[in-house]
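> If you count the sequence shown from 1, position 193 lands on 193 in the UniProt record's numbering, and the numbers rise without skipping.
Glycine included, every Cβ here is placed at the ideal spot set by N, Cα and C.
None of these values were measured; they are calculated from a predicted model.
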Amino acid sequence: MNILHIDTSAKKPEQSNSRMLGKLFLQQLNNQGITPDIDYLDLTKDIQPHLTAEFVKATYTNEQDRTDEMKATLKHSDAMCKRVMNAQMIVCGLPMYNWTIPATFKTFLDTIIRTGITYDLLPDGTTKGKLTDKHVIFITTRGADLRSGAFQHMDAMTPVLKACCNFLGITNAYFVDAQPLQFTNQQEREQALIRAKQELTALADSLSKLY
């Protein structure tokens with residue numbers, strides 16, 4: 001079993017809840033007898049390039065018509081797409097920054113959402129995602145409690161992730177949201193982490209039965 005494990009937190013490992021929860025989930029899989037091959041990607045160190053005009057032109061040029069320069073432009077993206085396609089499970093640790101996904105994860109999505117690789121453009125103009133066989137786990141950490149109250153309408157993270165999953169054909173997506181972790185008292189922060197750990201433990205137990 002191959003797992004692509006992605007971290008995005010700008011914090012040091014010992015200070016990051018999303019990193020801690022991601023490791024806990026993988027450990028829970030191990031506890032269930034799953035010993036996967038882990039492909040680890042830290043997007044704070046392996047920073048993905050922003051889109052350029054050259055990149056966009058290359059991606060929409062038929063593969064057989066690409067120049068050597070176009071192939072070179074796409075080399076990094078090709079490698080990232082291969083890592084995604086090789087994974088059976090993708091585990092994403094995502095702190096919420098200003099109500100949405102980290103910018104490093106957005107550039108990662110721009111890098112791997114590729115015509116003919118992770119989705120197909122059909123003759124009638126519609127698209128078909130090619131990641132239908134993946135299990136994707138989004139572990140999010142949020143300063144505020146967006147389940148209800150004053151911040152309920154400010155979750156711009158979940159809709160983006162769900163839209164990407166829908167586009168890429170991912171039907172097995174799981175969300176574990178640790179919240180609130182900042183705008184509250186210490187007791188509620190601790191309870192938020194306890195809930196997230198319990199959810200991840202149960203999810204690892206459920207998914208382990210599929211592998």
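(1) Return the bridge partner residues of residue 92 from the DSSP annotation.
(2) Count the other CB atoms, across all protein chains shown, that sit within 10 Å of the CB of residue 13; report buried if there are 16 or more and exposed otherwise.
(3) Note down, one range per segment and in chain order, each alpha helix (DSSP H) of at least 4 residues found wholly within the stretch 20 to 107.
(4) Among the residues of its own chain, which have a CB less than 7 angstroms from the CB of residue 156, if the five just before and after it don't count?
(5) Decide if residue 163 is buried, meaning its Cβ has at least 16 other Cβ atoms within 10 Å, or exposed.
(6) What is the C-beta distance between residue 213 and residue 141, in whole angstroms, given that I count them as a contact (C-beta under 8 angstroms)?
(7) By alpha-carbon positions, which one of 205, 210, 209 and 211 ends up nearest to residue 28?
(8) Short of 7 angstroms in beta carbon distance, which residues of its chain neighbour residue 201, apart from the five on each side in sequence? Order them along the chain.
(9) Could you have a look at residue 146 and say whether DSSP puts it in helix, strand or coil?
(10) Can you say whether residue 147 is buried or exposed, counting buried as having 16 or more other CB atoms within 10 angstroms of its CB?
(11) Where does residue 156 fall in DSSP's three states?
(12) According to DSSP, what are the bridge partners of residue 121?
(13) Give the straight-line distance between the Cα atoms of residue 144 and residue 90, rounded to the nearest whole angstrom.
(14) Could you tell me whether the Cβ atoms of residue 130 and residue 118 are closer together than 7 angstroms?
(15) For residue 80 versus residue 52, is the C-beta distance shorter than 7 angstroms?
(16) Determine contact between the stretch 56 to 74 and the stretch 25 to 42, defined as no fewer than three beta-carbon pairs at a distance below 8 angstroms.
(17) Please state the DSSP three-state secondary structure of residue 167.
(18) Since residue 177 sits in a beta bridge, which residues does DSSP pair it with?
(19) Could you give the distance in angstroms between the alpha-carbon of residue 94 and the alpha-carbon of residue 30?
Looking at the coordinates:
(1) 6 and 138
(2) exposed
(3) 53 to 59 and 68 to 86
(4) 99 and 100
(5) exposed
(6) Given a span of 1 to 211 for the chain in the structure shown, any question on residue 213 remains unanswerable.
(7) 205
(8) 28
(9) coil
(10) exposed
(11) coil
(12) 127
(13) 25 angstroms
(14) yes
(15) no
(16) no
(17) helix
(18) 140
(19) 22 angstroms
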